[in-house]
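Heads up: the sequence lines are chains A and B, in that order.
Heads up: the first sequence begins at 2 in our numbering, then just goes up one per residue.
Heads up: the second sequence begins at 1213 in our numbering, then just goes up one per residue.
Quick reminder that beta carbons are idealized off the backbone N, C-alpha and C, glycines included.
Comments concern the structure below.
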Amino acid sequence: MEQVMQAPQEESAGKRTGKYDVRGLADPDATAPNTAIVTGTTAELDAAELSTRQINLELRRLLHTEGVTEITLHNPRARHSIAVGLLLRCRIKIEGSLGYFGCGIIDGPEIHIAGRVGWSVAENMMSGVVVIDKNAGSLTGAAFRGGDLVVRGHVGARTGIDQKGGTIIVGGNAGSMTGFMMQRGRQIICGDVGHGMGDSMYDGSIYVAGKVASLGVDCVEAEMTDADNELIDRKFASYRIDRPDSFRKFVCGRKLWNYDNLEPNERKLVL
Amino acid sequence: MCGIAGIIYTDRSGTIGRDMTNMLQAMKHRGPDSTGYALYGEPSELLVMRFKLADPHVAGDFGYSDRLARSRRNVESRLAKIGATVDRVESESEYAYRATFRYDGELKPLADFVEDVTGVEVLSLGHSLEIIKDLGDAESVAGRYQLDSFNGTHAIGHVRMATESDVDIAGAHPYWAYPFSDVAVVHNGQLTNYHQWRRRLERLGHRFQSECDSEIIAVYLAQSMADGLPLEAAMKQSLEELDGVFTYLVVTESQLGMAKDEMAAKPLVLYQGEDMVAMASEEGAIRAVLDREIDTYDPYEGEVMVWSR
């Protein structure tokens, strides 16, 4: 498994000079480049000439060994998998756009992205805050567990697929199958939503201010309560988003809740 | 997985070959098997035909060069026989050629007659379309075919990770809409009613060189246009008639279009600038031609967009 091959060509976009191991893992022996400028507990990191692995290793070095709590990252250049797997409280400002899988599996950080993100941002995020100033791709907040994810622009399809907690706020429109198989948590969408919203959702709520093209299987409209409005007011005040006048609330119709209705032969196995 | 890219300069021409190479090379990780281009140069009165005589040489294939030389003579004599006045035939590599000629007849008999030579495949035929595709990544294909100096108005490209058919030139994208002049398609996804459409189109007299589902889209669209539909209407109709997951790009002599299926299962990032529109499976590819912060977005499911020059 230690066999290492030289990458055949340099990537023109990312200027990758690294190697791959036999599994195809990029830069298996990369180290933190030590190029960030640290001032007290803040740091500035220019990622223009760094590989994805180097950027993530440098972020870890700053947070874990330099005692830095606030980092500004410049020139992310829409690369994938930036600022992933950060499991501590910190603040990160990203001055640009990210590619796919940005800020995935994080637990604690407050991340502000000044640009756009591709697919699967903040996937499986446990806690913290991610704010995106522009648009996001599909699968935004997939398997989202906790914290707040705020997209000021539009999002693609399947936002919060398999969401298990937390709050996803979208300032613009959302695509089809929003909240697909969502299990808990909330989505607040200021614009319009595409077809099949809340398809096969188990639990949780989706608030929509605009039009809904169609509801998915077992998603039904519910009454807005004072608690719902209070929650939206509070979230919109913290992120300084203009609150649309009225929202509609959508929840699970519980028609597909068949957890206790085992088939006779399944029952035999269980009992 | 595959990666697709498209770029159109709305009111000028540019270094389309170099730009497309940069875009495709930035997506090499999406498909390292083969790379293909459909490039549109200045329209000419002559027809341009890109063709290959065989696949690249493999060890143990004796008499390869002799066979290529015979096939080449055969292609040239057949062009003359069917009434084309050949302007020039240039060799791009041992097996890939570019021919320009004057010809006023139907394209299908000509292409059929040329392809009847064993091993020969017509990659593209038109007044400005040129399809270049070969094994390897974008830099190596662009180097072999000198695409850096190709100037033009619009282009699409594809990096392929082979899943449904072989790693060879016949399986590489883009696909020319045989035998319709100047139409080509690249596609990311899978069609699930491929065989149905293949049989339908075969009954109309079309032939398919590959086993690749993407080839259907090109012929399907060109046939719809030949039946009188504008490109955009043909693409909207394709969303109803083609099943599966897909994002495809289509180019004609003066247009570039994108369509995304109703599931939006395959990505596309779009940038609309003042004098150019660029789109790709990943934003990184667009950054390879515009290295600055840009506003991009993902088109939604079931969207069809067309840009014209």
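Separation of A/Phe237 from B/Glu1351, as counted between CA atoms: Along the second sequence, read from residue 1 onward, the residue named residue 1351 of chain B stands at position 139. Along the first sequence, read from residue 1 onward, the residue named residue 237 of chain A stands at position 236. Their Cα atoms are separated by approximately 48 Å.
Is the stretch 1371–1379 of chain B close to the stretch 1299–1317 of chain B, with three or more CB pairs under 8 Å? no
Round the Cβ separation of A/Glu67 and A/Phe102 to the nearest angstrom and send it over; I've been treating them as touching at under 8 Å. Position 66 of the first sequence, counted from the first residue, corresponds to residue 67 of chain A. Position 101 of the first sequence, counted from the first residue, corresponds to residue 102 of chain A. At roughly 25 Å, the Cβ-Cβ gap does not stay under 8 Å, so A/Glu67 and A/Phe102 are not in contact.
Is it buried or exposed, A/Thr32, if we count other Cβ atoms within 10 angstroms and call 16 or more buried? On the first sequence, position 31 is the one that residue 32 of chain A refers to. With fewer than 16 other Cβ atoms within 10 Å, it is exposed.
Go through its chain and collect everything with a Cβ distance to A/Lys94's Cβ below 6 Å, but skip five positions before and after it. Taking the first sequence and counting its residues from 1, the one referred to as residue 94 of chain A is at position 93. Only Thr73 and His113 meet the Cβ criterion.
Which residues of the stretch 1484–1503 of chain B have a Cβ closer than 9 Å to any Cβ of chain A? Give them in chain order. Glu1494, Glu1495, Gly1496, Ala1497, Ile1498, Arg1499, Ala1500 and Asp1503
For B/Val1448, does the three-state DSSP call read helix, strand or coil? On the second sequence, residue 1448 of chain B is found 236 positions in, with the first residue counted as 1. Strictly speaking, residue 1448 of chain B in this sequence is Lys, with Val absent from that position. Note: B/Lys1448 maps to helix in three-state DSSP.
If you measure from the beta carbon of A/Gly176 to each beta carbon in chain B, is any gap under 7 Å? For the purposes of this step, residue 176 of chain A is taken as the residue at position 175 of the first sequence. Taking Cβ atoms only, chain B reaches closer than 7 Å to A/Gly176, which makes this a yes.
Would you kindly work out how many angstroms separate the C-alpha atoms of B/Asp1245 and B/Asp1349, rounded to a whole number? Your numbering for residue 1245 of chain B matches position 33 in the second sequence. Your numbering for residue 1349 of chain B matches position 137 in the second sequence. Computed Cα separation, rounded: 7 Å.
I want to verify the contact list: residues of chain B whose CB lies under 9 Å from the CB of A/Asn136, in sequence order. For the purposes of this step, residue 136 of chain A is taken as the residue at position 135 of the first sequence. Residues of chain B passing the Cβ test: Asp1507, Thr1508, Tyr1509 and Asp1510.
Spell out whether any CB of chain A is found under 7 Å from the CB atom of B/Glu1515. The sequence position of residue 1515 of chain B within the second sequence is 303, counting from 1. Taking Cβ atoms only, chain A never reaches closer than 7 Å to B/Glu1515, which makes this a no.
Does the stretch 1449–1469 of chain B come close enough to the stretch 1393–1406 of chain B to have 3 or more Cβ pairs within less than 8 Å? yes
C-alpha distance - A/Gly217 paired with A/Cys253, whole-angstrom precision: Working through the first sequence from its first residue, we reach residue 217 of chain A at position 216. Working through the first sequence from its first residue, we reach residue 253 of chain A at position 252. One C-alpha to the other measures close to 10 Å.
So what does DSSP say about A/Val152, is it helix, strand or coil? Residue numbering aside, residue 152 of chain A sits at position 151 when the first sequence is read from its first letter. A/Val152: strand per DSSP, three-state reduction.
With A/Gln55 as the anchor, note down where its alpha helix (DSSP H) starts and where it stops. Indexing the first sequence from 1 puts residue 55 of chain A at position 54. Counting along the chain, the alpha helix (DSSP H) containing A/Gln55 begins and ends at Thr53 to His65.
On the three-pair Cβ rule with 8 Å, is the stretch 1479–1492 of chain B touching the stretch 1434–1447 of chain B? no
Grouping DSSP H, G and I as helix and E and B as strand, with all else coil, what is A/Gln188? For the purposes of this step, residue 188 of chain A is taken as the residue at position 187 of the first sequence. A/Gln188: strand per DSSP, three-state reduction.
7 Å Cβ shell around B/Tyr1221 - same chain, five flanking residues per side excluded: Translated into positions along the second sequence, residue 1221 of chain B becomes position 9. Counting only Cβ-Cβ distances below 7 Å, and skipping sequence neighbours, we find Thr1365, His1366, Asp1487 and Met1488.
Which residue from B/Asp1425, B/Asp1503 and B/Met1447 puts its Cα closest to that of B/Gly1456? Residue numbering aside, residue 1456 of chain B sits at position 244 when the second sequence is read from its first letter. Closest option to B/Gly1456, Cα to Cα, is B/Asp1425.
Given 8 Å as the limit, is there contact between the stretch 1275–1291 of chain B and the stretch 1413–1425 of chain B, that is, 3 or more CB pairs closer than that? no
Under the three-state DSSP convention, the category B/Met1232 falls into: By one-based count along the second sequence, residue 1232 of chain B stands at place 20. Helix at B/Met1232.
Take the Cβ of B/Leu1322 as the centre, count every other Cβ of all protein chains shown within 10 Å, and call the residue buried at 16 or more, exposed below. As a position in the second sequence, residue 1322 of chain B is number 110, starting the count at 1. Under this definition B/Leu1322 is a buried residue.
According to the neighbour-count rule (16 or more other Cβ atoms, all chains shown, within 10 Å of its Cβ), is A/Ser82 buried or exposed? Sequence index remark: in the first sequence, residue 82 of chain A carries index 81 (1-based). A/Ser82 should be labelled buried.
Three-state secondary structure assigned by DSSP to A/Pro110: As a working mapping, residue 110 of chain A is identified with position 109 in the first sequence. Correct three-state label for A/Pro110: strand.
Which of helix, strand or coil DSSP assigns to A/Gly161: For the purposes of this step, residue 161 of chain A is taken as residue 160 along the first sequence, with counting starting at 1. Three-state DSSP puts A/Gly161 in coil, outside helix and strand.
Positions along the stretch 1456–1479 of chain B whose CB lies within less than 9 Å of some CB in chain A: Residues Glu1474, Met1475, Ala1476, Ala1477 and Pro1479.
Best match in A/Gln164, A/Asp193 and A/Lys256 for proximity to A/Arg185 [C-alpha to C-alpha]: Walking along the first sequence from the start, residue 185 of chain A turns up at place 184. Minimum Cα distance to A/Arg185 is reached at A/Gln164.
With a Cβ-Cβ cutoff of 7 Å, do A/Pro110 and A/Gly86 count as a contact? Position 109 of the first sequence, counting from 1, holds the residue named residue 110 of chain A. Position 85 of the first sequence, counting from 1, holds the residue named residue 86 of chain A. No, the pair does not count as a contact, with Cβ atoms beyond the cut-off.
Leaving out five residues on either side along the sequence, give the residues of the same chain with a beta carbon under 7 Å from the beta carbon of B/Met1517. Here residue 1517 of chain B is taken as the residue at index 305 of the second sequence, counted from 1. Answer for B/Met1517: Gly1469, Met1470 and Pro1511, listed in chain order.
Let's test the definition: count the other Cβ atoms within 10 Å of the Cβ of A/Phe248 and tell me whether it reaches 16, buried, or not, exposed. For the purposes of this step, residue 248 of chain A is taken as residue 247 along the first sequence, with counting starting at 1. So A/Phe248 ends up on the buried side.
Within the chosen definition, does the stretch 1387–1394 of chain B reach the stretch 1403–1413 of chain B through at least 3 CB pairs nearer than 8 Å? The stretch 1387–1394 of chain B makes no contact with the stretch 1403–1413 of chain B: fewer than 3 CB pairs, one atom from each, lie closer than 8 Å.
Which residues of chain B have a Cβ atom closer than 7 Å to the Cβ of A/His155, listed in chain order? Stepping through the first sequence from its first residue, residue 155 of chain A is reached at position 154. The answer, in chain order, is Tyr1509.
In terms of residue numbering, what span does the alpha helix (DSSP H) encompassing B/Gly1496 cover? Taking the first residue of the second sequence as position 1, residue 1496 of chain B is located at position 284. It spans Glu1495 to Arg1499 - the alpha helix (DSSP H) in which B/Gly1496 sits, taken as one unbroken run.
Determine the chain B residues that contact A/Ser139 at a beta-carbon separation under 8 Å, and present them in chain order. Mapped onto the first sequence, residue 139 of chain A falls at position 138. Simply Ala1476, Pro1479 and Asp1510.
Is it buried or exposed, A/Trp120, if we count other Cβ atoms within 10 angstroms and call 16 or more buried? As a working note, residue 120 of chain A is residue 119 in the first sequence. It counts as buried.
A/Arg78 CB to nearest chain B CB: under 7 Å? The residue given as residue 78 of chain A occupies position 77 in the first sequence. Closer than 7 Å: yes.
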